[in-house]
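Remarks on the structure that follows.
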Amino acid sequence: MPEVKMTVNGKPASGQIEGRTLLVDFLRENLGLTGTHVGCDTSQCGACVVHVEGRAVKACTMFAAEAEGMEVKTIEAMAEPDGTLHPIQAAFQDHHGLQCGFCTPGMVMSAAALLKDNPTPTEAEVRDYLEGNLCRCTGYHNIVKAILAASGQDVSKIAAE
Amino acid sequence: MYAFDIERPTRLTDAVKLLSDATDSQPLGGGQTLIPALKARLAAPERLVCLSAVDEIKGICTADDGALCIGGGTCHADVAAGAGAYPALASLAANIGDPAVRNRGTIGGSLANNDPSSCYPAAVLGSGATVVTTNRKIAADDFFEGMFTTSLEEGEIITEVRFPVPEKANYQKFEQPASRFALVGVFVAKYADGVRVAVTGASEDGVFRWSEAEAALSSDFSAGAVEGLSLSGDGMISDMHGSGDYRAHLVGVLTRRAVAAAG
Amino acid sequence: MPKDGGIGASTKRREDVRFLTGTGNYTDDINLRGQAYVHFLRSDMAHGRLNTVDTSAAEGMPGVIRIFTGADFEGIGGLPCGWQVTDRHGEVMQEPGHPVLAQGKVRHVGDPIAAVVAETREQARDAAEAIELDIEELSAVVDMKAALKDGAPKVHDDLTSNLCYDWGFVEENKPAVDEAFKSAAHVTTLELVNNRLVANPMEPRVAVGDFNRSTGDHTLYTTSQNPHVIRLLMGAFVLGIPEHKLRVVAPDVGGGFGSKIFHYAEEAFCTFAAKALNRPVKWTCSRSEAFMTDAHGRDHVTKVELALDADNNFTALRTDTHANMGAYLSTFAPSVPTWLHGTLMAGNYKTPLIYVNVKAVFTNTVPVDAYRGAGRPEATYQLERVIDKAARELGVDPIALRRQNFITEFPYATPVAVEYDTGDYHATMDKLEEIADFKGFDARRKESEAKGRLRGLGINCYIEACGIAPSNLVGQLGARAGLYESATVRVNATGGLVVMTGSHSHGQGHETSFAQVVAEMIGIDADQVEIVHGDTANTPMGMGTYGSRSIAVGGSAMVRATEKIINKAKKIAAHLMEASEADIELKDGQFSVAGTDKSVAWGDVTLAAYVPHNYPLEDIEPGLEETAFYDPSNFTYPSGAYACEVEVDPDTGKVTIERFAAADDFGNIINPMIVSGQVHGGIGQGIGQALLEACVYDENGQLQSGSYMDYAMPRADDVPFYQVDHSCQTPCTHNPLGVKGCGEAGAIGSPPSVVNAVIDALQSGGKNVTHIDMPLSPSRVWQAMQG
């Protein structure tokens, strides 16, 4: 089996893989980074979104071999080492942007990618950007609200709680 | 997925060599369609030749004749951001799939796959673009040969797509509610020598030009010019998301909207 | 109130931190040493005779450990059904066997035929493809009415027909109901479909079986809403494992919505195979596999008739429903179209005469069972659509027609066997009119029309019965289970405590809201309270979470156990302060003697309980740990009024939800933030049902909507921000917290208002459309507009 080397969450990572090993499987099985989830097999749900070279990517639709030499960032590296939540994570907690938590890592990673490109998105832009992230619990209300809040916008006029 | 080897060449010539040797190989663009198909075990290549490290087929530039040239390995997000010279094309790219898909999926991969509901074929056919491969240059009208079928030969890689930039253009996509692919998509482009109208998502034969609308719009580029025109539902895709008649109806609606939006 | 929030506070969820940082522990995150993987070879035929399953070639494939077929499960129990319905003639329902792996026949696409256990997932799948099958294809039955015709192919050869039961409710009322229709001034009739749905929690199902050879103990890690129920059903009925040798763990579970209530074949298989192979065996469901193996929801075809007198009072309601059971009876399937549906047909209205007929039908499709709301959305949809249609036919205001017929006096005994304890339907309607800004609708409609869009406003009311109970009643109705809930409160010496609840949280936030209740009762901070759930090894026998029952039933058990703790602690405090127990008061974590300045802290008492040096040992035992089982005396009856505003693009038929408002009465509320979140999620799913979601089979029983490419899940841009309000509160009269439950309301209350709004929009545009079946996809709406 060939070996793949990449940088994951700032640290060198390597492992033996098959050609068919997906990036998400490498992260979950080889590296034990189980925060990245798999919720579908047709590249739609977005529970597996990670950042590769700073861009949001579905880790279930990229082979581990394709990430050779690249920088990968997962949900496990979003909070500060001392446990302080990233502002997006904090906003999700503050605004109840998660329930079962399964889609949440992908949502946070997508939201981070959005705010990097568009620091103050409109509601419509947030909703549009989340096209590839499915959530079955929240009806999206508090996810959209949390992302707007994380961007520093006033969400007090949006329906309470 | 069935087992396969994966190669990740960095030079186009190496990719071509790998694709033409004795091993049953398949090129892998961004993989946003191929990888789900592999997961469903719908394909069983011995080897995937991954093109994502071949930098020479990525990027956007303007040719001497004014055409916008997009490398076959350019991802949708980069086209959306970098094809400002052709706003209708940039906008089309910005609405393919979702942001994560756009960061991986490539124009070359999309065209080679020729999904009957994908967006790029409408832009390529609607612009009369030229598909440049490792072997030759193929006119858009000769490239698409029906659902999931193109004139590409085994091992041939799309290196570039050259889009003549129109005076006006617009793409209207009506999304299939589940996949968000085009239930119907219509690309209208007005050039000095006439108007092209390309329709994706609708026909069982894949992307096609609506010649009747082209003729009408070439003499009068206004939504009113196509008001009375209609297509038959025969030969249109009919599924749980819409009948052939519905798709035919949408082609008319979207064509008028595209013309109106093109201004 | 405790500093981090007691009852009524929007305390932030403590479980969020692990979910947000990727440190949750979902079942697929569990990997055991030496674990093998199973892949199920599933039928791609809807109906067939299974002649031979030849595994010989596959057994030699790389990595294969063993291949199991139906033959390996002969003599072992099948998957049990937990509810027996008795039909209108007094006969019990037809109840077919449900083998773990198919025996003799395959009955739906996805029916498991063989299980390949191998060293890796892909090896198991590779080998499954090498199994040679000889299956004789049989004609499939998909359409329910066709399935009931004479000579229709039978799903189960040993049953007399495809009819599971023909249920009438209340059967004795039928002649009077029929008579009322004859004398009605107006009758409105509507035929409708409650579309088949797939629950689609974002976490697919997973099972990991483990066996400890030295102790003989089995452990199953599984994505379940009710691990004790799985332990009981699988242990007692399928595998014959006594409960004390079987532990079922449902760790973090990524949503359920009903689909993770049921006991599935894969759970039994992994548990069985782990012992047979002496290795842990893991199964992770792919989403495509989930579409053909998770129990589906809804799928009712109904004719509903409403009779009114000359003053527009509802005089009678009559419904005739065909309910799809699929190929086998899933765990609670028979109860859904009957006791969870017929009993709700009165809705919010004082209709005096009601008759409900339900024919449950076997077809060659995936089993159908409870999905968020389970029977109650189907009841609400029929009622609120037929009332809207009646209002249009009579030319009266749909709100006025509803108000005129509202139940206003409580308790109210309906003609369909339930007694509503409290409610105030005018109050929620008043609140709705306010928050939905009905006054501004005409102006908004004009704006839409100026853009070439049609705008419609739809409203509906709903009532639901939550916290399914009491056990003695449900036993009479055919439940093969009790429906109590349990809690153990274990106080530690230093005053912190653990609540071990039989409820299960898979997104509901129990770790936060349950802690708020106990913290307030004792007057300590919530971070002193730990909520433990999901593991049969350390929680008392509980029935789990579904039917909006957690706080109403599980919360009540926890309150009772906490009351026992407080009572005992008061005895200890009385001893410590040399006072009479009757004089002891507990406030803010301090025990005091009434009328004196004597007090001892909670921590002093808990320490005394475990270091009983100065302790009334002759009267009470040391320690501070209590268990309570709570069996409610009635259901709870949340209710509300919902409004939806849509725009319809007349050129394409595309519907967009412009506004959505919900005014609910959930009784008392523990954590308003969590309650709103539950309503939001329910509305999202209700909008999904109304506009997007359809589980579709073709006439051969092939699943057409087998992935997210064809099954339209609601996305962020399909929905607006929702205006939700739960300030109308008529507390439940029969549970200690006065709570009613909020988990399903949104999904129950939202589909009718969406459809009513679309009909309103189309009619405003001059289209004579009176009904469109869900989902109101662009093509369906466009087709309806073509006349």
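Chains as they are written, first to last, in the numbering used here: chain W, 1 to 161; chain H, 1001 to 1263; chain B, 2001 to 2787.
Glycine included, each C-beta is placed from N, C-alpha and C at the ideal position.
All of these numbers come straight from a predicted model, not from anything done at the bench.
query	result
Would you verify that the beta carbon of residue 55/W is, or is not, closer than 9 Å to some beta carbon of chain B?	no
As a quick exercise: from 92/W, 51/W, 144/W, 136/W, pick the residue whose alpha carbon is nearest that of residue 1099/H.	51/W
Roughly how far, in whole angstroms, is the beta-carbon of residue 1155/H from the beta-carbon of residue 1019/H, given that I think they are within contact range, below 8 Å?	4 Å
Check whether chain H comes within 9 Å of residue 2019/B, counting only Cβ atoms and requiring the distance to be less than that.	no
Does any C-beta atom of chain H lie closer than 9 Å to the C-beta of residue 2494/B?	no
Could you tell me which chain H residues have their CB closer than 9 Å to the CB of residue 140/W, listed as they occur along the chain?	Within 9 Å Cβ-Cβ: nothing; residue 140/W doesn't reach chain H, min ~14 Å.
Short check: CB of residue 2457/B to CB of residue 2390/B, under 9 Å?	no
Across the region 2567 to 2576 of chain B and the region 2618 to 2638 of chain B, are there enough close Cβ pairs to call them in contact, namely three or more that are closer than 8 Å?	yes
Helix, strand or coil: how does DSSP classify residue 1135/H here?	coil
Starting from residue 2764/B, follow the alpha helix (DSSP H) in both directions and report where the run begins and ends.	2751 to 2764
If we ignore side chains and look at the alpha-carbon of each, how far apart do residue 161/W and residue 2432/B end up?	Residue confidence for residue 161/W is low, a pLDDT of 44 falling below 50, so the modelled location carries little weight; the figure read from the coordinates is stated next. Residue 161/W and residue 2432/B: Cα-Cα distance of roughly 18 Å.
Where do the ends of the alpha helix (DSSP H) carrying residue 1036/H lie?	1034 to 1039
So, does the CB of residue 132/W fall closer than 9 Å to a CB anywhere in chain C?	Of the protein chains in this structure, namely W, H and B, none is chain C.
Any C-beta of chain B within less than 9 Å: which residues of the region 115 to 131 of chain W qualify?	123, 124, 126, 127, 128, 129, 130, 131
Counting pairs of beta carbons, one from the region 1058 to 1070 of chain H and one from the region 1033 to 1042 of chain H, are three or more of them closer than 8 Å?	no
Give a yes or no on whether 9 Å exceeds the smallest Cβ distance from residue 1256/H to chain W.	no
Tell me the rounded alpha-carbon separation between residue 101/W and residue 2248/B.	22 Å
Which full runs of the beta strand (DSSP E) of 3+ residues lie inside the region 2215 to 2289 of chain B, going along the chain?	2217 to 2222, 2246 to 2249, 2281 to 2284
Nearest by alpha-carbon distance to residue 1083/H: which of 1061/H, 1101/H, 1181/H is it?	1061/H
Please confirm whether residue 105/W has its beta-carbon closer than 9 Å to some beta-carbon of chain H.	no
So, does the CB of residue 1018/H fall closer than 9 Å to a CB anywhere in chain W?	no
Return the Cβ separation of residue 2359/B and residue 2322/B in integer angstroms, given the expectation that the two are a contact with Cβ distance under 8 Å.	5 Å
For residue 1084/H, which beta-bridge partners are listed by DSSP?	Beta-bridge pairing links residue 1084/H to no other residue.
Residue 1006/H versus chain W: which residues are under 7 Å apart at the beta carbon?	19, 63, 65
Report yes if the C-beta distance between residue 1962/B and residue 2288/B is below 9 Å; otherwise report no.	Nothing about residue 1962/B can be reported from this structure: the residues present for chain B run from 2001 to 2787 only.
Express the C-alpha separation of residue 2750/B and residue 2495/B in angstroms, rounding to a whole number.	45 Å
Leaving out five residues before and five after residue 1102/H in sequence, what residues of the same chain have Cβ atoms less than 8 Å from its Cβ?	1075, 1076, 1077, 1080, 1093, 1094, 1096
When DSSP labels each residue in this structure, what does residue 2634/B get in the three-state scheme?	coil
Just the C-alpha distance for residue 2716/B and residue 2611/B, rounded to the nearest angstrom, thanks.	56 Å
Mind checking if residue 161/W is an interface residue toward chain B, Cβ cutoff 9 Å exclusive?	Low confidence applies to residue 161/W: its pLDDT is 44, below 50, so where it sits in the model is not reliable, and the reading given next is rough at best. For residue 161/W, the answer is yes, since a Cβ of chain B falls inside 9 Å of its Cβ.
How about residue 1222/H and residue 1249/H: are their beta carbons less than 9 Å apart?	no
Cα separation between residue 1263/H and residue 97/W?	41 Å
Starting from the Cα of residue 75/W, find the closest Cα among 37/W, 138/W, 42/W and give me that residue.	37/W
DSSP state of residue 2112/B, grouped into three classes?	strand
Please return the same chain residues whose Cβ sits closer than 8 Å to the Cβ of residue 2594/B, not counting the five positions on each side in sequence.	2583, 2584, 2585
Measure the alpha-carbon distance for residue 2039/B versus residue 57/W and round it to whole angstroms.	28 Å
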